[in-house]
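Chemist: Counting in the working numbering, the final residue of the sequence shown is number 67, and the numbers go up one at a time with none missing.
Virtual Cβ for every residue (Gly too), placed ideally from N, Cα, C.
Here the structure is a predicted model, which means the values were calculated and not measured.
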Amino acid sequence: MNVKRLKVAIPVTIVVAALSLWILEKDHSAVPLTARILIAAGGALLSGVIAFFLLQGDADRNDSESR
């Protein structure tokens, strides 16, 4: 597993989770808390996975340039 990709994917996941919880609380407070948490967790997980795989080419290119 490439640590360089995780250094970006984990903060992306945390930021998306925090922002989605804030927006759901502010605009959709009628939705139950458990549903809001599940929505935020799903979005955060999906965005983290997407960021991890989209950065695959950048991390591989940087590794070959540094050698």
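Judging by CA-CA distance, which residue of V31, G42, P32, V3 is the nearest neighbour of A18?
Modeler: Checking every option, the nearest Cα to that of A18 belongs to G42.
Chemist: Among I10, K4, V3, whose alpha-carbon lies nearest the alpha-carbon of L45?
Modeler: Closest by alpha carbon: I10.
Chemist: For a quick check, are the C-beta atoms of V31 and L24 less than 8 Å apart?
Modeler: Yes.
Chemist: Within the same chain, show all residues whose beta-carbon is closer than 6 Å to that of R36, passing over the 5 residues directly before and after it, in chain order.
Modeler: Cβ within range, chain order: L24.
Chemist: Could you pull out every residue in the same chain whose Cβ sits closer than 8 Å to the Cβ of G48, ignoring the five residues on either side in sequence?
Modeler: Hits under 8 Å: A9, I10, V12, T13, V16.
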